[in-house]
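Engineer: I am attaching a structure below and will ask some questions about it afterwards.
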Amino acid sequence: MDKTVVNQLRVSSQDIRSKQHVTSNQTASLTTLDNRVHLGSLSGKVLLFGGVYSNLQALEQLKRIAEEQGIPPGNCICTGDLVGYCAQPEEVVQLFKIWGVKSILGNVEIQLRDGAEDCGCDFRKGSRCDGFSQMWFPYAQSKLSKSSLEYIATLPNHIDFRYAGKDITVVHGDYFNVSEFVYKSTDWQIKQKNFDATGADVIIAGHCGLPFHQEKEEKTWINPGVIGMPANDGSPNVWYAVLDDSMETFKFKHHQMEYNYKLANARMQTDFLPQEYARTLITGIWDNTEILPPYESGLQGFGIQL
Ligand SMILES: [Fe+2]
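Here the sequence shown is numbered in full-length UniProt numbering, starting from 1 and rising by one per residue.
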């Protein structure tokens, strides 16, 4: 990235942090110049998830879990990509509105908001993922109502909140690039630049599709995973995470979620969606590992290494 842009981001984040001290006890949101929203201080359980990918059945199940556990919508935060590979983008966005949970923009929402012609995932041209996106992205565009696009346009790029004594920032890919794939095997230096730029103690990220966490020198990177597609581990179950401050310290846990994946698969039985993704909902195995580094690619079908 251009150094000037990075420096501008740093100045902006310092400015934001100074505003956070002023507003940390307020519950009202503060929209900042780089489209960051600060939620103030949160307490109680916080539900983290990402990548709904137009999978309505997974979102409905997660809503049930939040309600059973008494987690209010204001404590439920999505890392973006509400819309994606599956069959019900319009229903997913409308359920988000009704439920009232928080989300940042994923690359898919940015492209939809801007009326772009592709999903913005940065797939290599001519790759299998690139070919599939030429089916599911126009399908999603054709299904979304004006009201849903207006809702998407209200989402921020990043969310900040304070929790159990930690400053937390939610990003999609990483802070600098919404389409950056950051994995467990990704060099820590790349992650560290995000902590430096945001001032956060904890970064919650999405986009790459795999749950993991990594801690170093009191900084923690957490990817809660995605609920719209399995994690390439050979199971149809999907992943989310919960923050817990009940012991008055910062704690988190990854969770697997069972849901009605057979119905999600049945909804995808149309010529307009890639059937490879419909199969993945059942097998838990991705069609390809084009986007994965060797470490994560080698774990295909062997379960998740958290
Ligand atoms: Fe994404």
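Even for Gly, the Cβ is constructed at its ideal location relative to N, Cα and C.
(1) Identify the continuous alpha helix (DSSP H) that holds Tyr261 and give its terminal residues.
(2) Who's in the neighbourhood of ligand 1, going by beta-carbon under 5 Å from any heavy atom, listed in chain order?
(3) With DSSP as the reference, please indicate the residues paired to Val238 in a beta bridge.
(4) How far does the beta strand (DSSP E) with Asn223 in it extend, from its first residue to its last?
(5) Quick test of your reading: Gly106 and Gly228, contact by CB under 8 Å. State the CB separation rounded to the nearest angstrom.
(6) Output the boundary residues of the alpha helix (DSSP H) element that contains Phe49.
(7) What three-state label does DSSP hand Gln214 in the structure shown?
(8) Between which two residues does the alpha helix (DSSP H) holding Ile152 run?
(9) Give the list of continuous alpha helix (DSSP H) stretches no shorter than 4 residues that lie fully inside the segment 86-140.
(10) Within the same chain, show all residues whose beta-carbon is closer than 8 Å to that of Gln134, passing over the 5 residues directly before and after it, in chain order.
(11) Report the three-state DSSP secondary structure of Asp160 (helix, strand or coil).
(12) So, is Ala28 buried or exposed, given that buried needs 16 or more other C-beta atoms within 10 angstroms?
(13) Does any heavy atom of ligand 2 sit closer than 6 Å to the C-beta of Val37?
(14) Who are the Cβ neighbours of Tyr277 in its own chain at under 6 Å, not counting the five residues just before and after it?
(15) In the DSSP assignment, what are the bridge partners of Ile203?
(16) Report the rounded CA-to-CA distance for residue 372 versus Arg267, giving the unit in angstroms.
(17) Buried or exposed: where does Phe137 fall if 16 or more other Cβ atoms within 10 Å of its Cβ makes it buried?
(18) In whole angstroms, give me the CA-to-CA distance for Gly165 and Tyr175.
(19) Pull up the distance between the alpha-carbon of Ser235 and that of Ile282, whole angstroms please.
(20) Could you tell me if Leu210 is buried or exposed, where buried requires 16 or more neighbouring beta carbons within 10 angstroms of its beta carbon?
(21) What did DSSP end up calling Phe252 once you bin it into helix, strand or coil?
(22) Any chance the segment 255-270 sits against the segment 49-62, with 3 or more Cβ pairs inside 8 Å?
(23) Going by CA-CA distance only, name the one from Cys76, Gly301, Ile304 that's closest to Gly103.
(24) Taking the C-alpha atoms as reference points, what is the distance between Gln214 and Ile168?
Structural biologist: Answer, in terms of the structure:
(1) 261-267
(2) Asp81, Gly106, Asn107, His207
(3) Met257
(4) 219-223
(5) Wrong, their Cβ atoms sit about 11 Å apart, outside the cutoff.
(6) Counting along the chain, Phe49 falls outside any alpha helix (DSSP H), though it belongs to the beta strand (DSSP E) covering 46-49.
(7) strand
(8) 146-153
(9) 89-99, 107-113
(10) Asp118
(11) strand
(12) Any answer about Ala28 is weak, because its pLDDT of 32 lies below 50 and its placement is not dependable; what the coordinates show is given next. Burial call: exposed.
(13) By its list of ligands, the structure shown excludes ligand 2, since it contains just ligand 1.
(14) Tyr85
(15) Thr169, Trp221
(16) Here the chain has residues from 1 to 306 only, and residue 372 is not among them.
(17) buried
(18) 21 Å
(19) 8 Å
(20) buried
(21) strand
(22) yes
(23) Here residue 103 is Ser; the residue named in the question, Gly, does not match the sequence. Taking only the C-alpha atoms, the option nearest Ser103 is Cys76.
(24) 15 Å
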